[in-house]
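Chains A and B supply the protein sequences, listed in that same order.
Going by our numbering, the residue at position 156 of the first sequence is 156; the numbering climbs one at a time, nothing skipped.
Going by our numbering, the residue at position 172 of the second sequence is 172; the numbering climbs one at a time, nothing skipped.
First the structure, in the form of structure tokens, and then the observations on it.
There are 2 protein chains.
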Amino acid sequence: MRAAVLFESPGTLRIEDVSVGQVGPREVLVRVAATGLCHSDLHHLTSTYMALPMVPGHEASGVVEAVGVDVSYLAVGDHVVAACRGFCGVCEWCLSGRPVLCERAGMRRGVDEPPRLYLQDGRGCSQMGGLSTFAEQILVHENSLVRIDKDIPLDRAALLGCGVVTGIGAVLRTAQVPAGANVAVVGCGGVGLNCIQGALLAGANRIIAIDIDDDKLQLAKAFGATDVINSSVHDAVQHVLELLPGSGGVEYSFEAIGRRETCELAFALLRKGGTATVIGVYDGNIELPGMRLLEERRIQGSMFGSVDFRRDMRFYLDLYRDGRLKLDELISERISLDEISAGFDRLARGEVTRSVVLFPN
Amino acid sequence: MRAAVLFESPGTLRIEDVSVGQVGPREVLVRVAATGLCHSDLHHLTSTYMALPMVPGHEASGVVEAVGVDVSYLAVGDHVVAACRGFCGVCEWCLSGRPVLCERAGMRRGVDEPPRLYLQDGRGCSQMGGLSTFAEQILVHENSLVRIDKDIPLDRAALLGCGVVTGIGAVLRTAQVPAGANVAVVGCGGVGLNCIQGALLAGANRIIAIDIDDDKLQLAKAFGATDVINSSVHDAVQHVLELLPGSGGVEYSFEAIGRRETCELAFALLRKGGTATVIGVYDGNIELPGMRLLEERRIQGSMFGSVDFRRDMRFYLDLYRDGRLKLDELISERISLDEISAGFDRLARGEVTRSVVLFPN
Numbered sequence: 001m002r003a004a005v006l007f008e009s010p011g012t013l014r015i016e017d018v019s020v021g022q023v024g025p026r027e028v029l030v031r032v033a034a035t036g037l038c039h040s041d042l043h044h045l046t047s048t049y050m051a052l053p054m055v056p057g058h059e060a061s062g063v064v065e066a067v068g069v070d071v072s073y074l075a076v077g078d079h080v081v082a083a084c085r086g087f088c089g090v091c092e093w094c095l096s097g098r099p100v101l102c103e104r105a106g107m108r109r110g111v112d113e114p115p116r117l118y119l120q121d122g123r124g125c126s127q128m129g130g131l132s133t134f135a136e137q138i139l140v141h142e143n144s145l146v147r148i149d150k151d152i153p154l155d156r157a158a159l160l161g162c163g164v165v166t167g168i169g170a171v172l173r174t175a176q177v178p179a180g181a182n183v184a185v186v187g188c189g190g191v192g193l194n195c196i197q198g199a200l201l202a203g204a205n206r207i208i209a210i211d212i213d214d215d216k217l218q219l220a221k222a223f224g225a226t227d228v229i230n231s232s233v234h235d236a237v238q239h240v241l242e243l244l245p246g247s248g249g250v251e252y253s254f255e256a257i258g259r260r261e262t263c264e265l266a267f268a269l270l271r272k273g274g275t276a277t278v279i280g281v282y283d284g285n286i287e288l289p290g291m292r293l294l295e296e297r298r299i300q301g302s303m304f305g306s307v308d309f310r311r312d313m314r315f316y317l318d319l320y321r322d323g324r325l326k327l328d329e330l331i332s333e334r335i336s337l338d339e340i341s342a343g344f345d346r347l348a349r350g351e352v353t354r355s356v357v358l359f360p361n
Numbered sequence: 001m002r003a004a005v006l007f008e009s010p011g012t013l014r015i016e017d018v019s020v021g022q023v024g025p026r027e028v029l030v031r032v033a034a035t036g037l038c039h040s041d042l043h044h045l046t047s048t049y050m051a052l053p054m055v056p057g058h059e060a061s062g063v064v065e066a067v068g069v070d071v072s073y074l075a076v077g078d079h080v081v082a083a084c085r086g087f088c089g090v091c092e093w094c095l096s097g098r099p100v101l102c103e104r105a106g107m108r109r110g111v112d113e114p115p116r117l118y119l120q121d122g123r124g125c126s127q128m129g130g131l132s133t134f135a136e137q138i139l140v141h142e143n144s145l146v147r148i149d150k151d152i153p154l155d156r157a158a159l160l161g162c163g164v165v166t167g168i169g170a171v172l173r174t175a176q177v178p179a180g181a182n183v184a185v186v187g188c189g190g191v192g193l194n195c196i197q198g199a200l201l202a203g204a205n206r207i208i209a210i211d212i213d214d215d216k217l218q219l220a221k222a223f224g225a226t227d228v229i230n231s232s233v234h235d236a237v238q239h240v241l242e243l244l245p246g247s248g249g250v251e252y253s254f255e256a257i258g259r260r261e262t263c264e265l266a267f268a269l270l271r272k273g274g275t276a277t278v279i280g281v282y283d284g285n286i287e288l289p290g291m292r293l294l295e296e297r298r299i300q301g302s303m304f305g306s307v308d309f310r311r312d313m314r315f316y317l318d319l320y321r322d323g324r325l326k327l328d329e330l331i332s333e334r335i336s337l338d339e340i341s342a343g344f345d346r347l348a349r350g351e352v353t354r355s356v357v358l359f360p361n
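What follows is the structure, given as structure tokens:
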């Protein structure tokens with residue numbers, strides 16, 4: 001099968017012929033229908049902690065082609081979404097309702113077990129997130145998949161595997177925003193837009209979108225933002241205080257980029273007692289003023305929106321059918337696997353929300 | 001009446017004759033029985049944001065001597081504790097169960113209303129926290145007092161007005177530590193010891209006390225610590241990992257000092273999904289590693305233990321009567337008002353947990 005392989009980092013993807021291993025007892029072979037390009041993949045293209053070569057990609061949908069002998073959850077022909085975070089089901093995190101923190105979440109790195117992917121020269125190839133969805137097929141643990149109903153279009157369903165649950169989940173699951181709260185979202189890319197529609201679902205009052213790109217802010221309005229601030233033009237903190245007179249800031253803020261200054265901005269936007277939730281991946285330190293913390297402000301991380309895929313998927317599918325979940329609007333372009341590098345270039349330049357690679361089946 | 005007055009900051013307290021104003025409609029005049037020396041007072045002695053001259057002190061007990069015409073909550077002769085944080089009862093914070101964040105919490109600064117205290121030369125004198133308890137009498141809003149039963153010794157009751165509720169409240173109210181959790185407490189002064197007994201009340205599993213003073217660590221054991229670490233000798237993070245093999249850290253940590261490095265240590269002690277609660281007042285920035293935040297760690301401030309005095313006092317009084325709340329053991333020494341400066345010197349040197357000034361009545 002064909003896959004996009006990363007040989008060095010920083011580096012670009014090369015389309016290669018790749019073989020998949022034998023289907024293990026609890027493994028499932030999936031024919032990929034669609035896979036989304038996410039900033040997390042882009043991080044690996046510029047610097048990675050994983051063994052190379054590797055096939056990136058962790059947001060996909062497809063159809064089950066084969067199942068291992070011990071697989072009970074899925075059958076051949078099932079439609080599935082690849083879950084950005086697998087779970088073991090037996091560790092204390094899984095058993096305490098936080099499978100997203102699972103110790104054995106399937107982050108296969110091709111070092112301590114036989115590789116599931118092979119290059120034509122016989123070299124093993126590691127799997128990003130135990131998935132590696134930039135490929136025509138994926139061979140993954142059954143706990144890295146979640147079944148969906150067959151009436152859901154697969155190209156849109158792909159987005160349910162990462163960006164949608166990460167953004168909406170941060171609002172509904174991690175922060176548990178109550179109705180009537182004022183919310184600010186810093187960063188209006190794929191995840192930020194989903195924070196915005198999460199805030200809308202939560203019944204938030206003001207939903208203030210902050211970005212430096214007016215096109216993204218327009219899109220933010222379409223997703224439910226009541227107010228937008230271009231922070232390259234306006235002082236975002238000052239503007240929020242003007243939008244919410246006498247409030248001292250928002251009750252809840254979300255950071256959906258992964259930069260030092262935006263994490264600090266999210267905290268600075270909070271009124272007393274408020275909660276900032278950081279979704280973006282930032283591999284450095286952030287600074288917080290101790291005196292503002294003291295007034296019962298809080299900052300917390302959200303991993304993949306604290307998602308529990310098997311619990312949450314029914315909710316997302318119902319929302320989509322009811323017209324309450326924007327999926328179609330998240331897709332900026334549909335491209336082929338051969339166009340994936342150009343797609344990442346556009347993502348890096350901030351020109352697209354989600355590019356989705358479609359595989360002809 | 002006699003009171004300890006701060007004329008300049010940095011500076012030392014001087015015992016002066018001070019007059020109190022007329023009792024206003026919702027004010028109460030209290031004959032102070034006992035007042036505790038807290039690190040927050042020490043902060044004002046070295047640098048203050050308040051108008052000087054000022055009488056510090058915000059932890060006290062006493063007996064009601066006079067009440068204003070509109071006071072309904074208290075009567076002459078009632079025993080009371082001065083609450084480190086008053087409340088208005090009508091703002092959104094009070095009405096949403098967070099009176100500690102009250103907008104009009106009675107932080108009288110002597111600038112926008114007639115002073116309640118006067119020096120002999122007629123100059124007004126501001127009230128710390130709307131209280132100013134380093135004095136034979138206090139004239140305060142009725143919402144800055146909480147009634148206690150008369151069987152509770154007043155010297156011990158004084159500590160219920162700040163240190164006890166701040167420490168125990170941070171554990172039970174702010175962080176809401178569940179039974180079975182592993183807890184670390186950084187700093188074993190008056191507030192830290194109360195975090196430890198709060199963790200014991202919560203049914204915590206390991207309660208790990210961290211300090212640089214072996215005497216304080218011995219006291220920590222008496223208050224319920226299961227393990228102690230002298231962080232001037234051992235690497236606290238490494239030691240916690242050894243005490244809790246395979247855990248990755250504690251679920252809950254508390255910072256009860258107010259220093260940059262101890263705030264950062266509290267966060268570094270957390271396992272995935274853990275919560276650090278900062279109680280100490282630190283007027284600078286703290287740094288947090290973004291990648292550790294991402295794993296759903298959280299850091300939050302606790303103001304006076306998120307206390308609601310009128311709700312919580314019954315609980316504390318019952319605990320004390322049942323022998324489940326250590327108050328006697330918190331008092332290192334009983335001194336007179338004239339000895340207050342020497343008491344603060346000992347507090348600054350870390351030689352005492354709580355010095356309590358007793359007034360002869």
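Beta carbons: idealized from backbone N, C-alpha and C, even for Gly.
Secondary structure of residue i, DSSP reduced to three states
i	result
Val228 of chain B	strand
Leu13 of chain B	strand
Met54 of chain B	strand
Arg2 of chain B	strand
Pro289 of chain B	strand
Thr353 of chain A	coil
Phe394 of chain B	There is simply no residue 394 of chain B to check, as chain B begins at 1 and stops at 361 in what is shown.
Thr48 of chain A	coil
Leu244 of chain A	coil
Ser72 of chain A	coil
Leu270 of chain B	strand
Arg31 of chain A	strand
Gly36 of chain A	strand
Ala348 of chain B	helix
Glu261 of chain A	helix
Val146 of chain B	strand
Glu339 of chain B	helix
Ala175 of chain A	coil
Other residues of its chain near residue i: CB distance less than 7 Å, five sequence neighbours each side excluded
i	result
Ala83 of chain A	Ser144, Leu145, Val146, Gly161, Phe309
Leu52 of chain B	Leu6, Phe7, Glu8, Ser9
Leu217 of chain B	Cys188, Ala209, Asp211, Val228, Asn230
Asp213 of chain A	Gly350
Chain-order list of residues whose beta-carbon lies under 6 Å from that of residue i (same chain, five-residue window excluded)
i	result
Phe267 of chain A	Ala276, Leu288, Ile299
Thr226 of chain B	Arg206, Ile207
Ile257 of chain A	Gly187, Gly280
Ala181 of chain B	Ala204, Glu251, Tyr252
Gln120 of chain B	Asp17
Ser247 of chain A	Arg271
Candidates the options: closest to residue i by CA position
i	options	result
Ile207 of chain B	B:Gly89, B:Val183, B:Thr353	B:Val183
Gly350 of chain A	A:Leu327, A:Ala157, A:Asp215, A:Leu244	A:Asp215
Gly86 of chain B	B:Leu200, B:Asp328, B:Asp322, B:His141	B:His141
Gly11 of chain A	A:Met54, A:Leu74, A:Gly24	A:Met54
Phe304 of chain A	A:Asp211, A:Glu242, A:Tyr118, A:His58	A:His58
Gln127 of chain B	B:Pro245, B:Glu264, B:His44	B:His44
Leu172 of chain A	A:Asp155, A:Leu200, A:Asp338, A:Asp151	A:Leu200
Under 8 Å between C-beta atoms of residue i and residue j
i	j	result
Thr46 of chain B	Gly189 of chain B	no
Cys195 of chain A	Gly167 of chain A	yes
Val100 of chain B	Ala60 of chain B	no
Glu296 of chain A	Ser306 of chain B	yes
Val63 of chain A	Val90 of chain A	no
Leu37 of chain A	Leu347 of chain A	yes
Leu269 of chain A	Phe223 of chain A	no
Pro25 of chain A	Gly68 of chain A	yes
Proximal residues to residue i (C-beta, below 8 Å), its chain only, five neighbours per side dropped
i	result
Pro114 of chain A	Gly21, Gly124
Original post:
Considering only residues of the region 181-230 of chain A, which uninterrupted beta strand (DSSP E) runs meet the minimum length of 3 residues and lie entirely inside it, listed in chain order?
Top reply: Counting only runs of 3 or more, we get 183-186, 207-211, 227-230.
**OP:** Return the chain-ordered ranges of every alpha helix (DSSP H) run that is complete within the region 292-336 of chain A and spans a minimum of 4 residues.
**Re:** Here the runs fully enclosed are 309-321.
Original post:
Which ranges does the alpha helix (DSSP H) cover as unbroken runs of at least 4 residues, wholly within the region 81-141 of chain B, from first to last along the chain?
Top reply: Correct list: 92-95.
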